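Each residue of the sequence shown is one higher than the one before, counting from 27 in this note's numbering.
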Amino acid sequence: MGKTTLIEQFGADHYEHVAEVNFIEMPQAVETVSKAKDTEDLILRLSVLSGAEITPGKTLLFLDEIQACEDMPTGLSKEKCVLSCVSMACR
């Protein structure tokens with residue numbers, strides 16, 4: 027069983043919703059995320075890309091293959107992107 031499958035199973039077992047964005051399978055996601063102006067805009071864009079509403083405490087946000095996001099011109103680095111998403115999910 028691979029890492030992705032384990033995370034998907036964990037999400038299904040412990041959360042009401044799983045919002046998954048795979049940056050390799052969805053190349054347009056890199057550009058879409060890179061245009062985010064702030065954390066709330068980022069969460070909205072990830073919600074649209076995943077097709078799932080991202081609700082703090084109820085949704086596992088799984089950013090698969092995030093290494094495909096080389097540069098984020100808005101100043102949202104990969105690390106900031108992940109931390110921003112985690113902080114939004116913890117509210």
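Cβ atoms here follow ideal geometry from the backbone N, Cα and C, with glycine treated the same way. In this text the structure is predicted, and so the values were computed from the model without any measurement.
| query | result |
| --- | --- |
| Val-44 vs Leu-86 beta-carbon contact at 8 angstroms | yes |
| Inter-stretch contact at 8 angstroms, needing at least 3 Cβ pairs: the segment 66-80 / the segment 33-41 | no |
| For Gly-101, three-class secondary structure by DSSP | Note that Gly-101 has pLDDT 47, beneath the 50 cutoff, so the model's placement of it is unreliable and no number is given. |
| One or two residues paired with Thr-85 in a DSSP bridge | His-43 |
| Alpha carbon of Lys-61 to alpha carbon of Ile-50, nearest angstrom | 17 angstroms |
| Spatial distance of Val-56 from Phe-88 (CA atoms) | 14 angstroms |
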